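What follows is a set of notes on a single structure, which appears directly below.
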Amino acid sequence: MNIVKRIGIRCTSDGYSRRLLKERDAEQIDLLGANPPTVFVGKWCSRLRIIRCHNSNNSFSIRRKHHATPRAVLTTPASEPTTKKRVYTFGKGRSEGNKSMKSLLGGKGANLAEMASIGLSVPPGLTISTEACQEYQENGKVLPPGLWEEILEGLHTVEKDMGAFLGDPLKPLLLSVRSGAAISMPGMMDTVLNLGLNDEVVAGLAAKSGERFAYDSYRRFLDMFGDVVMGIPHSLFEEKLEKLKDSKGIKLDTDLTASDLKELVEQYKNAYIEAKGEKFPSDPRKQLELSVKAVFESWDSPRAIKYRSINQITGLKGTAVNIQCMVFGNMGNTSGTGVLFTRNPSTGEKKLYGEFLINAQGEDVVAGIRTPEDLDTMKNCMPEAYKELLENCEILEQHYKDMMDIEFTVQENRLWMLQCRSGKRTGKGAVKIAVDMVEEGLVDIRTAIKMVEPQHLDQLLHPQFENPSAYKDKVIAMGLPASPGAAVGQIVFSADDAEAWHSQGKSVILVRTETSPEDVGGMHAAAGILTARGGMTSHAAVVARGWGKCCVSGCADIRVNDAEKVLLVGGNAINEGEWLSLNGSTGEVILGKQPLSPPAMTADLETFMSWADEIRHLKVMANADTPEDALTARNNGAQGIGLCRTEHMFFASDERIKAVRRMIMAVTAEQRKEALNLLLPYQRSDFAGIFRAMDGLPVTIRLLDPPLHEFLPEGDLEQIVNELTADTGMSEEEVYSRIEKLSEVNPMLGFRGCRLGISYPELTEMQVRAIFQAAVSMSNQGITVLPEIMVPLVGTPHELGHQVSLVRGVASKVFSEMGSSLSYKVGTMIEIPRAALVADEIAKEAEFFSFGTNDLTQMTFGYSRDDIGKFLPVYLSKGILQHDPFEVLDQKGVGQLIKIATERGRAARPSLKVGICGEHGGEPSSVAFFAEAGLDYVSCSPFRVPIARLAAAQVAV
Ligand code: PEP
Ligand code: MG
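Structure (structure tokens):
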């Protein structure tokens, strides 16, 4: 740390800075780390902007205006004591933290503290808080003042607990240094194991625990520390290991002798000089300091940033760092290491589900380097430790009231718990676990509702293979069923290719020997993932399950040649771009494309959803345009149709689209009416089908909305004209002239929505006639019909008034013609910002509002919904937008318009029914917003109905 110059504070021009700094008035502030050294006097606050103030430790980060990264840090003199606690120790029966402190201690740190305090055997250690990480990042990547001293104090507690000391050859203490953010980011940040070894300490360790073990630990440390902390590629160490094994004629690492490992240690130390031109840092405290910094820095590594962006993880302070006394699973055959889930995370079955490796360290299991064995191995060779493990699982499930994911190590028959957290699970697993735990009396229904994420239901609604028995002769390999569901795609061999092909609209299967965290972008882009190596808890398996993405891992039948881009299976070569199908529920790898079908509701899911329905207040409707969609929606629990886009029916057959084109091309109202008369029977029969499917539930039908050009043929002008002359019987000249009249510079803001029905009243008349003829005839057949007519794209009350009187006039006419009537509603979409602002006037004409958040977002932001793709990726990557606003509702802008319109509308008409039918109606965080804003319903696509039902229940609990 470089203290450049002490300065006095004067600030004159920036109100914000003045307010902050005034409180500190006569204080002296140090300017740290500015390069080149700079002294700011007088109006410096006008050129620098204070971005953060930590009152507890009195440190300010400042930025030069318009710069993205902090340029300098202001802090009080280092001698001033800090009041904020940043280091928390834990050990069996005593902990300074607990499970509720995840945001400060990270998930891992909080749960280690909790496990230790409820009496489980946890190796003692300390957790450096996430706030310390945030300070480190803001402090120009130097440890904040006083932190190192706090770490040493915590370390002292651990040393006293263990009677062993860092760097002491006679009583050696080795440490693990692990990351752990508040939200789990598996494998995305760094870990260092076996820290504290050097030539003296390893000799002491050898005398105590055997030479082979000591030097095995030393070479592992040199490799990991070199890779993670010093930036020396792991492959450099791996090459040396493989070369040595080859020269000794050895296949397994475990066959290396102590003297082989000693030789390897020397070679590894040389690797530091080869790669970095400097010696390996042998001072254990230096090793610890560098490792802590490396873990802090891994928070901002490209892969961690990408993972957070894919998983929409925002608002975290940083990663905590857990420094913990090492226990060893590689101390011979009475030792081992494993990971387990307290229930099966794929199916939810109540049975331990895990993997175990004898004589190994944890990273061997998690990284998928060795394919592990199941837990029965442990039961047979370490019965006592296994029994304790079972008891601990029971204690943890009872304590956390959840299915847990546990990491443990057995050192010379003694069990140590290394980690526990809520276990990631598939949708199927989540639903079964929630239902079972209610039946077991472990949780109540309201708690169970929170145990299933809306995304879990998304997985349950994912496709499966139509006929699994039909493809049996095409199964070319079997791997582990790592993440269920089915996927079909063209194979690619790198994460980059997966992303590139996906962006071209292709469905891809990513094929890898094993995946690493660097691959997350490609894994996310792929429809499915196939790996040659790795168990059920390997990186590929864990990440894929979290996303509900189909994955087959540990497929030993295949060989992956990345360089040649070819997959070898039993003498056959499958090249990049060829099609494969994967069954993630069975582990089958199938040649070619297999047909997929949508999944069915299970009994557990039905039970679970019935609980969600009991709890929620918000109604969930569906956007459905055909009788088939309406039935799917109803089967998925929709309580009505919130949006039927009538235009979609026009594409159903050649005759229909021809009639529509005649209507569009018509020059006179008479010609238009003729064309509309052709369309009427089609519309009537579609509406009748929808009313039948939704017997007893409301059906909201929107009058024609899209710009008319959407119905014209595509291609070059000549082609379009040819087609239109054939479809309409008009001359070429007439067609050309009409096209010219119809052409618009900006059709999305042009001749569409209610502007069509106002300009061509006969269009509205035809649609309304079709709706009410269908409604009355269905009603006459005993079906309960509840039609609601919705006018699109209204901006003024007069537009709505015009259409409402037209609708009511036609309805009365049809009722009198048919000798029967029924009740109905007329309302409007609110999708123009002006409509939201004059909602009180509009509500006088409307019986219901339905927010069209697609258009409302388009017009509030001024982002074309069709063209946002051109700049959205840049906006997301630069942090200008946190989400695609067409996917996740913009609560601050669009959301406020919704609140204003709801309030004003209800003030004018208290009985006003208010809902939303844009794409946001099926997005969980947006649904929560709509519920809290007091809307009556959301309407979304039929497959998202269960997700919206759950999201609505979750916001209610
Ligand atoms: C909307 O704008 O949100 C909406 C539902 O209408 P469309 O997407 O058809 O414009
Ligand atoms: Mg719209």
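Residue 1571 in the working numbering sits at position 156 of the sequence shown, with consecutive numbering throughout.
Even for Gly, the Cβ is constructed at its ideal location relative to N, Cα and C.
What you are looking at is a predicted structure, and each value in this text was computed from that prediction instead of being measured.
With 16 or more other CB atoms across the displayed protein chains lying within 10 angstroms of its CB, proline 2300 is buried. Here the distance from the Cβ of methionine 2244 to the nearest heavy atom of ligand 2 is below 7 Å. Residue state for phenylalanine 1823 is assigned as strand, using DSSP reduced to three classes.
The alpha-carbon of alanine 2090 is positioned some 6 Å away from that of arginine 2077. Taking 8 Å as the cut-off, the Cβ atoms of glycine 1692 and serine 1761 do not count as close.
Arginine 1840 and isoleucine 1864 have their C-alpha atoms roughly 15 Å apart. Inter-residue distance for glycine 2172 and leucine 2119 is about 8 Å (C-alpha atoms, whole angstroms).
About 4 Å separates the beta carbon of asparagine 1613 from that of serine 1697, a gap short enough to meet the 8 Å contact definition. Within the model, the alpha-carbon separation for methionine 1604 versus lysine 1517 is close to 17 Å. Going by C-alpha positions, valine 1850 is about 10 Å away from leucine 1857.
If you check the C-beta of asparagine 2038 against ligand 2, you find no heavy atom less than 7 Å away. Each residue's CA atom was taken as its position, placing proline 1798 and phenylalanine 1756 some 19 Å apart. Excluding its 5 nearest sequence neighbours in each direction, glycine 1769 has C-beta neighbours in its own chain below 7 Å: Gly1753, Val1754, Leu1755, Phe1756 and Leu1790, listed in chain order. Looking from the CA of tryptophan 1831, the closest CA among Leu1983, Asp1715 and Glu1803 belongs to Glu1803. In the three-state reduction of the DSSP assignment, glutamine 1905 falls in the strand class, which pools E and B. Excluding its 5 nearest sequence neighbours in each direction, glutamate 2177 has C-beta neighbours in its own chain below 7 Å: Ala2084, Arg2087, Lys2088 and Leu2091, listed in chain order. In the DSSP assignment, lysine 2240 falls within the unbroken beta strand (DSSP E) covering 2240-2245. Taken atom to atom, the span from the alpha-carbon of tryptophan 1962 to that of isoleucine 1944 is near 12 Å. Listed in chain order, the non-local C-beta contacts of glycine 2104 below 8 Å within the same chain comprise Thr2041, Pro2042 and Ala2045, local neighbours out to five positions each way being set aside. The beta-carbon separation of valine 2191 and phenylalanine 2230, rounded to 7 Å, stays under the 8 Å limit for a contact. Listed in chain order, the non-local C-beta contacts of glycine 1838 below 6 Å within the same chain comprise Phe1756, Pro1760, Met1818, Met1819 and Asp1820, local neighbours out to five positions each way being set aside. Distance from the C-beta of asparagine 2269 to the nearest heavy atom of ligand 1 is below 7 Å.
Judged by DSSP in its simplified three-state form, glycine 1522 adopts helix. In this structure, arginine 1861 and alanine 2367 do not form a Cβ contact; the two beta carbons are roughly 14 Å apart against a cut-off of 8 Å.
Beyond the five residues adjoining it in sequence on each side, tyrosine 2290 comes within less than 7 Å, by CB distance, of Leu2296 in the same chain, given in chain order. At a Cβ-Cβ threshold of 8 Å, isoleucine 2056 and methionine 2109 count as neighbours.
By the Cβ criterion, the segment 1639-1648 is not in contact with the segment 1614-1621, since fewer than three pairs of Cβ atoms, one from each stretch, lie closer than 8 Å. For methionine 2205, the three-state secondary structure derived from DSSP is strand. Between the alpha carbons of leucine 2271 and tyrosine 2097 lies a distance of about 31 Å.
Here cysteine 2332 carries a coil assignment [DSSP, helix/strand/coil]. Note that the C-beta distance between cysteine 1965 and leucine 1997 is below 8 Å. Within the segment 2003-2047, the runs of beta strand (DSSP E) that reach at least 3 residues and sit entirely inside it are, in chain order, 2003-2006 and 2034-2038. Annotation for proline 1539: Gly1506, Val1573, Asp1576 and Cys1740 place their beta carbon closer than 6 Å to its own, counting only its chain and skipping 5 residues before and after. Beyond the five residues adjoining it in sequence on each side, isoleucine 2245 comes within less than 6 Å, by CB distance, of Ala2251, Phe2264, Phe2266 and Ala2316 in the same chain, given in chain order. Of the candidates Val1710, Asn1774, Ser1594 and Leu1567, Asn1774 places its Cα closest to the Cα of arginine 1627. Valine 1680 is not a Cβ neighbour of isoleucine 1543, given a cutoff of 8 Å.
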